[in-house]
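Asks: Numbering (my numbering), first residue to last: 447 to 890.
This is the structure I have questions about; it appears just below.
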Amino acid sequence: MQLLQNLSILASRQVLSGVISSVAGRLGEEATLAVIDFLQERFTDQSERLTGALTQANRRAWSSLEIALAGDSLWERCRLLVASSEDRAFRQQVRAFLDATPLGELPGDQFRRECLTQLRAAKRSGCLDAGRLDPATLAREVGSLARHGDPLKLLDVENRLLEGMADNLREQGHGSLGQLIVLKPESGTPLLVTAARYFFRRAVEEDAKLFHGLAFAQLERLQQSQEDGFESLRQVLEQQGDRLEKLLDEVLAVVSETHVAVLDIQEEQRRQGEQNRDIYNAVINVQRKLDLLQQEVRPRDSLSIRTDGERRLVREVVERYRTLPEERRKQMPALLNAIGKLEVAAGEFQSAERDFVQVATLVTDRQAQGEAHLNAHRAALERRDWDAALGEMLAAVKLDEARFAPFPVSKYEPLRILGAGGFGVAYLCRHRQLGAEVVVKTLT
447 MQLLQNLSIL ASRQVLSGVI SSVAGRLGEE ATLAVIDFLQ ERFTDQSERL
497 TGALTQANRR AWSSLEIALA GDSLWERCRL LVASSEDRAF RQQVRAFLDA
547 TPLGELPGDQ FRRECLTQLR AAKRSGCLDA GRLDPATLAR EVGSLARHGD
597 PLKLLDVENR LLEGMADNLR EQGHGSLGQL IVLKPESGTP LLVTAARYFF
647 RRAVEEDAKL FHGLAFAQLE RLQQSQEDGF ESLRQVLEQQ GDRLEKLLDE
697 VLAVVSETHV AVLDIQEEQR RQGEQNRDIY NAVINVQRKL DLLQQEVRPR
747 DSLSIRTDGE RRLVREVVER YRTLPEERRK QMPALLNAIG KLEVAAGEFQ
797 SAERDFVQVA TLVTDRQAQG EAHLNAHRAA LERRDWDAAL GEMLAAVKLD
847 EARFAPFPVS KYEPLRILGA GGFGVAYLCR HRQLGAEVVV KTLT
């Protein structure tokens, strides 16, 4: 509910200037109360139309951010659509929006991919527009902004609304997306807020009764290039929304494949070409024999080796890897990850843990880093080093809570590991709301 409510406040804040002029002559808190009364009367009269317009503006604002994050990856998909004049118009509309809303201030491509993945997941879960807007509450929240005559103080309040949204997203495992919405672009207003205000304004303009009910409002217009870009997107969303969703799914599939490929030993072997082909083949053959080609260490992997011959084969392969020059080994994180899994199978848990920790330092992909930390966590569990195991688990969760958390850490704060065995891991936790200590047991 907080996401929908806060973004609606930010979107409808633009009605204030018109209201304030209508209560001219009143001062201080009296003026603020007059603004709230004025808005409550108008918002309540138009309750159904108003909440519908704001909900639609919310959805389209998140779609705008999603498309901007997909960026050139989406454009490459659109370029393949050349069969008809309708396809060409679709391409031109998407390109116009992307050109008008560049996201050049992002920390990097990896961060962009994480944000897109998390936004798609949040959208599918329904959390972005969960709940119902109450016109009276909305009027109070928007009207209370009138007491901040100083633009800097008003900006500070808006930033706190965004911070509240970011906290909500982090609690649901979308940390990178939460970080994104509070980034301050050079243009001043975050894209999500700009989009929400634009689509709210357009919804009001297209509904004659709502437009008449909010006739007092002085709704903001954007610079012409942005107006044109958002108008192009509005047409795409209204006319070919399903097609756009399909293209975004294709972009996300490519992003997911990129994550998986980072620690895929066979993919890394293809990138390396003929170089070190023998050691790759040797490791892959042993992994295949022991059923260890999956990305992450499984609890049963420590029982994979049953004979002295298999143990000797693993030791020989590991020794061959260690003879490679260090600089060359640093360019092959997937191979080192595979070596760590073989060490787990051979019972060399301390060496495996050390190698997995090193893998996490060799890759920049956050998903791959998380996989490496999770592998180190499981190697530490085998050593019964509960402190190290907890530290590695928390490192993985920090990178991607939705994927790597063994239980809802936003609800239960892990304090220490009590023990582990064939039936799972027992964690001593603190219930974040109740403050009580509880034991949470997982099956991994």
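Backbone N, C-alpha and C define an ideal beta-carbon position, used for all residues, glycine too.
Do Thr497 and Ala582 come within 8 Å of each other at the CB atom, strictly closer than that value?
Replies: No; because the gap between Cβ atoms is not below 8 Å, this pair is not in contact.
Asks: Expressed to the nearest angstrom, what Euclidean distance is found between the alpha-carbon atoms of Asn821 and Ser571?
Replies: Answer to the nearest angstrom: the Cα atoms are 28 Å apart.
Asks: Per DSSP, Cys875 is paired with what?
Replies: DSSP, once it has assigned bridges, lists Pro860 and Val884 as partnering Cys875.
Asks: Reducing DSSP to helix, strand and coil, say where Ala576 ends up.
Replies: Ala576 falls in the coil class under three-state DSSP.
Asks: Report the CB separation of Ile863 from Val855 in whole angstroms; it is logged as a contact under 8 Å.
Replies: Rounded, the Cβ-Cβ distance is 13 Å, inconsistent with contact.
Asks: Check whether the segment 803-814 touches the segment 762-772, counting contact only when three or more Cβ pairs, one atom from each stretch, lie closer than 8 Å.
Replies: No, because fewer than three Cβ pairs between the segment 803-814 and the segment 762-772 fall closer than 8 Å, the two stretches do not touch.
Asks: Tell me the rounded alpha-carbon separation between Ser510 and Glu677.
Replies: Cα-Cα distance, rounded: 11 Å.
Asks: In chain order, what residues of the same chain lie with their CB nearer than 7 Å to the CB of Glu891, ignoring the 5 residues before and after it?
Replies: With the chain covering 447 to 890 only, the question about residue 891 has no answer from this structure.
Asks: Just list the residues that DSSP pairs Gly870 with in beta bridges.
Replies: DSSP lists Gly867 as partners of Gly870.
Asks: Are Glu399 and Leu808 closer than 8 Å when you measure CB to CB?
Replies: The requested residue 399 is not part of the displayed model; the chain covers only 447 to 890.
Asks: How far does the alpha helix (DSSP H) with Gly755 in it extend, from its first residue to its last?
Replies: Per DSSP, Gly755 belongs to the alpha helix (DSSP H) from Asp754 to Arg768.
Asks: Skipping 5 residues on each side, what residues in its chain have a beta carbon closer than 8 Å to that of Ala470?
Replies: Unreliable positioning characterises Ala470 in this predicted model, as indicated by a pLDDT of 48, which lies under 50. The coordinate reading is nonetheless provided below. Correct list: empty, nothing qualifies.
Asks: Could you tell me the alpha carbon to alpha carbon distance between Tyr858 and Asn614, rounded to whole angstroms?
Replies: Straight-line Cα distance between these residues: approximately 16 Å.
Asks: I need the straight-line Cα distance from Glu713 to Phe657, nearest angstrom please.
Replies: Cα to Cα, the separation comes out at about 57 Å.
Asks: Cutting at 6 Å between CB atoms, please list the residues of its own chain near Arg586, excluding the five before and the five after it.
Replies: These residues qualify, in order along the chain: Ile482.
Asks: Considering Leu889, what are the terminal residues of the alpha helix (DSSP H) in which it resides?
Replies: Run containing Leu889: none; DSSP gives neither H nor E here.
Asks: Which of helix, strand or coil does DSSP assign to Ser671?
Replies: Three-state result, Ser671: helix.
Asks: In the DSSP assignment, the alpha helix (DSSP H) including Val588 goes from what residue to what residue?
Replies: Here the alpha helix (DSSP H) through Val588 covers Pro581 to Ser590.
Asks: From Ile725 to Arg716, what does the alpha carbon distance come to, in whole angstroms?
Replies: Roughly 13 Å separates the two Cα atoms.
Asks: Thinking C-alpha only, which one of Leu861, Arg829 and Pro860 is nearest Gly867?
Replies: Among Leu861, Arg829 and Pro860, the Cα nearest to that of Gly867 is on Arg829.
Asks: Less than 6 Å between C-beta atoms, sequence neighbours within five positions excluded: which residues of the same chain meet that for Leu565?
Replies: Taken in chain order, the residues that qualify are Glu512 and Leu623.
Asks: When you compare the CB of Gln777 with every CB in chain D, is at least one pair closer than 8 Å?
Replies: In the structure shown, chain D cannot be found, because there is only a single protein chain.
Asks: How about Ala900 and Gln502: do their beta carbons lie closer than 8 Å?
Replies: Residue 900 is absent from the structure shown; the chain starts at 447 and stops at 890.
Asks: My output table needs one value for Val708: the three-state DSSP class, helix, strand or coil.
Replies: Of the three classes helix, strand and coil, the one that applies to Val708 here is coil, per DSSP.
Asks: Return the Cβ separation of Ile751 and Ala792 in integer angstroms, given the expectation that the two are a contact with Cβ distance under 8 Å.
Replies: Yes, they are in contact, since the Cβ atoms of Ile751 and Ala792 sit about 6 Å apart, within 8 Å.
Asks: Decide if Pro553 is buried, meaning its Cβ has at least 16 other Cβ atoms within 10 Å, or exposed.
Replies: Pro553 should be labelled exposed.
Asks: Can you tell me the Cβ-Cβ gap for Leu694 and Ala516, rounded? I've got them flagged as a contact below 8 Å.
Replies: That pair is a contact at about 6 Å.
Asks: I'd like the span of the alpha helix (DSSP H) that includes Thr640, first residue to last.
Replies: Start and end: Leu637 to Glu652.
Asks: Are there 16 or more other CB atoms within 10 angstroms of the CB of Asp602, so buried, or fewer, so exposed?
Replies: Exposed, because fewer than 16 other Cβ atoms sit within 10 Å of the Cβ of Asp602.
Asks: If you draw a straight line from the alpha carbon of Asp651 to that of Cys561, how long is it in whole angstroms?
Replies: Position check: residue 651 holds Glu in this sequence, whereas Asp was assumed. Answer to the nearest angstrom: the Cα atoms are 32 Å apart.
Asks: Once DSSP output is grouped into helix, strand and coil, what is the label at Asn722?
Replies: Note: Asn722 maps to coil in three-state DSSP.
Asks: Distance, Cα to Cα, Ser671 vs Asn783?
Replies: Between Ser671 and Asn783, the C-alpha separation is close to 49 Å.
Asks: Report the option in Arg495, Leu608, Gln669 and Gln681 whose CA atom is closest to the CA atom of Gln539.
Replies: The residue with the shortest Cα to Cα distance from Gln539 is Gln681.
Asks: Here's the rule: buried if 16 or more other CB atoms are within 10 angstroms of the residue's CB, otherwise exposed. What is Asn432?
Replies: Residue numbering for the chain in the displayed model covers 447 to 890; residue 432 lies beyond these limits and cannot be assessed.
Asks: So which of Leu607, Asp801, Gln777 and Ala654 has the shortest CA-CA distance to Gly786?
Replies: Among Leu607, Asp801, Gln777 and Ala654, the Cα nearest to that of Gly786 is on Asp801.
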